[in-house]
Amino acid sequence: MRESAAERHDRLLELVRRHGTARVSDLAARLGVSPVTVRRDVEFLATEGRLDRAHGSVSWPDAGNTASAAGLPAGTPRQDRGPGATAPAGSRELVIGMLAPNATYYFAEVIRGAHEAAAAAGARLVLRISDYRPQEDAGRAAGLLAAGADGLLIAPGWKEPDDPVEHGAWIAGLPVPTVLLERRGVPGSELDDLDRVCSDHGHGVLVAVRHLLGLGHPTPLLVARSDSPTAIAVRAGYRHALDALGLKSPLPVIDSVSAEADPSGFEGAVRAVRTAVAEGSATAALVHNDVDAIRLVQRLAELGVRVPDDLALVAYDDEVAALADTPLTAVAPPKHEVGRYAAELLIERLRGTAAHGPGGEAAPRRHVDLLPRLRVRASCGAPSEPLRSAASAP
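The working numbering numbers the first residue of the sequence shown as 14 and each following residue consecutively.
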């Protein structure tokens, strides 16, 4: 995939931060582009005040003021404002930096909610995308700080269970107020001490399992990926739901994969579901995510398994579930509200309007869990229901 100008700017900024000063010819060699391209980039970044330039070289503004304690590249400007501090003096609008793993599936609504909340508060939202490359998250965040972000909304590009440990420690040391979105730190870690706003996926799974049981089905199967924090949370939520309801899974979790990335792996998951239905081991399933669920239903129909006649099905995410040939009942995480709540919380921190404790001490950090909805459609064999109201629990 061709690198965008914004991504190249991030790499250029990181190189300058790391070295303090750099020659244009050296930057061109390191970035793998022409000196003309680098000079054009430097001119643009200098105009924005993000670099200082001299004949043949560039330097980081106020290079002695670093954020090495935050684990960011050397030279990242520290703004040293605590979670209850006010915004910088002057009439400049607040700038909210947001790092998201993508801007399409799932996170499009999170971003939209954050943008609307920022706009309502008279703040500007600046977005950077990590494309699920967690090793580049710190550089992206540093780029947001260099662009003038007063505070950050961070949804790291984690994919593996160990990513919060391997690629998350830098977040706790950020020099500005920070709110995690749809991500949780390891309990007891510094990251776990940050403000965060998340969907309670465990509750979403419990609602889906309880719904299928209420329709007369035995314990439903889980068909799920394992390549995202949501997928990992859905798997954990399934175990907790079965424990809470005193149930046992009819079969181990069926591992699903992207049909584009691994067609044979996806076909294996489809065949495992078909076998479970044919043997009478399962009459219902919860499938993460929507796209996989739609393809699963299509392929099962080709193999003679009908939804919902032979298999009641609930999808997880509700991005495109309603658009399937047989509209899919789905668990809908409150994505828009996650973005809105997170932006509102961050703006409270920046403006010093968050409620303070006794004696004027800093307001306590918040972990906000928002409860997903269950949207009932044809795929589970029950009549469609009106949307259930969203709920939240601090």
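We put the CB at the ideal spot given by N, CA and C, even for glycine.
* Beta-bridge pairing of Ile109 - partner residues as DSSP gives them -> Paired residues: Leu138 and Gly164.
* Is Ala136 near Glu106, with beta carbons less than 8 Å apart? -> Yes. Within cutoff.
* May I ask you to verify whether the segment 165 to 184 touches the segment 133 to 147, counting CB pairs closer than 8 Å and requiring at least 3? => Yes, since at least three Cβ pairs between the segment 165 to 184 and the segment 133 to 147 fall closer than 8 Å, the two stretches touch.
* **From Arg197, Leu140 and Ala35, residue whose alpha carbon lies closest to that of Glu20** => Relative to the Cα of Glu20, the nearest Cα in the group Arg197, Leu140 and Ala35 belongs to Leu140.
* Thr99, buried or exposed, once every other Cβ within 10 Å from all chains shown has been counted against 16 -> Its pLDDT being 41, under 50, Thr99 is placed unreliably by the model, and the measurement read from it follows with that caveat. The residue in question, Thr99, is exposed, as its Cβ has fewer than 16 Cβ neighbours within 10 Å.
* To do: Have a look at Ala334, Thr342 and Glu179 and flag the residue whose alpha-carbon is nearest the alpha-carbon of Ala221.
  => Comparing alpha carbon positions, the residue from Ala334, Thr342 and Glu179 closest to Ala221 is Thr342.
* Any contact of the segment 316 to 334 with the segment 294 to 307, i.e. 3+ C-beta pairs under 8 Å? -> The segment 294 to 307 and the segment 316 to 334 touch, with three or more beta-carbon pairs separated by less than 8 Å.
* Asked: If you pair each beta-carbon of the segment 279 to 291 with each one of the segment 244 to 251, do three or more pairs fall below 8 Å?
  -> The segment 279 to 291 makes no contact with the segment 244 to 251: fewer than 3 CB pairs, one atom from each, lie closer than 8 Å.
* To do: Have a look at the DSSP bridge pairing and note the partners of Arg66.
  => Note: Arg66 is bridge-paired with Val71 in the DSSP secondary-structure output.
* **Cβ-heavy atom distance, Gly156 to the ligand ZN, below 7 Å** => Among the ligands in the structure shown, none appear at all, so the ligand ZN cannot be discussed.
* To do: Taking the CB atoms as reference points, tell me whether Arg287 and Ala160 lie closer together than 8 Å.
  => Not in contact: Arg287 and Ala160 (Cβ atoms no closer than 8 Å).
* Asked: Residue range of the alpha helix (DSSP H) that Ala337 falls in?
  -> Per DSSP, Ala337 belongs to no alpha helix (DSSP H) and is neither H nor E.
* To do: Within the same chain, show all residues whose beta-carbon is closer than 7 Å to that of Leu358, passing over the 5 residues directly before and after it, in chain order.
  => Correct list, in chain order: Val192, Asp208, Val210 and Arg379.
* Tell me, please, whether the segment 326 to 337 touches the segment 269 to 279 by the rule of three or more beta-carbon pairs shorter than 8 Å. => Contact between the segment 326 to 337 and the segment 269 to 279 is absent, because fewer than three Cβ pairs lie under 8 Å.
* Alpha carbon of Asp163 to alpha carbon of Asp176, nearest angstrom -> Straight through space, the alpha carbons of Asp176 and Asp163 are spaced by roughly 26 Å.
* **Alpha-carbon spacing of Val71 relative to His253, whole angstroms** => Taking the straight line from one Cα to the other gives about 55 Å.
* To do: For Glu149, I'd like the list of residues in its chain whose CB is within less than 7 Å of its CB, leaving aside the five on either flank, ordered along the chain.
  => Shown here for Glu149: same chain residues with a beta carbon closer than 7 Å to its own, the five before and five after excluded, namely Ser143 in chain order.
* **Simplified DSSP state of Leu316, which is helix, strand or coil** => Reduced to three states, the DSSP call for Leu316 is coil.
* Proximity winner among Pro231, Pro242, Ser277 and Leu258, relative to Leu264 (alpha-carbon distances) -> With distances taken between Cα atoms, Leu264 lies closest to Pro231.
* C-alpha gap between Ala391 and Val327, whole angstroms -> Note on geometry: alpha-carbon atoms of Ala391 and Val327 lie some 10 Å from one another.
* To do: On a CA-only basis, which of Ala131, Met111, Val123 and Asn115 is nearest Ile184? Give me that one, please.
  => Here the closest residue by C-alpha is Met111.
* Asked: Can you tell me the Cα-Cα spacing of Ala182 and Arg319, whole angstroms?
  -> About 47 Å.
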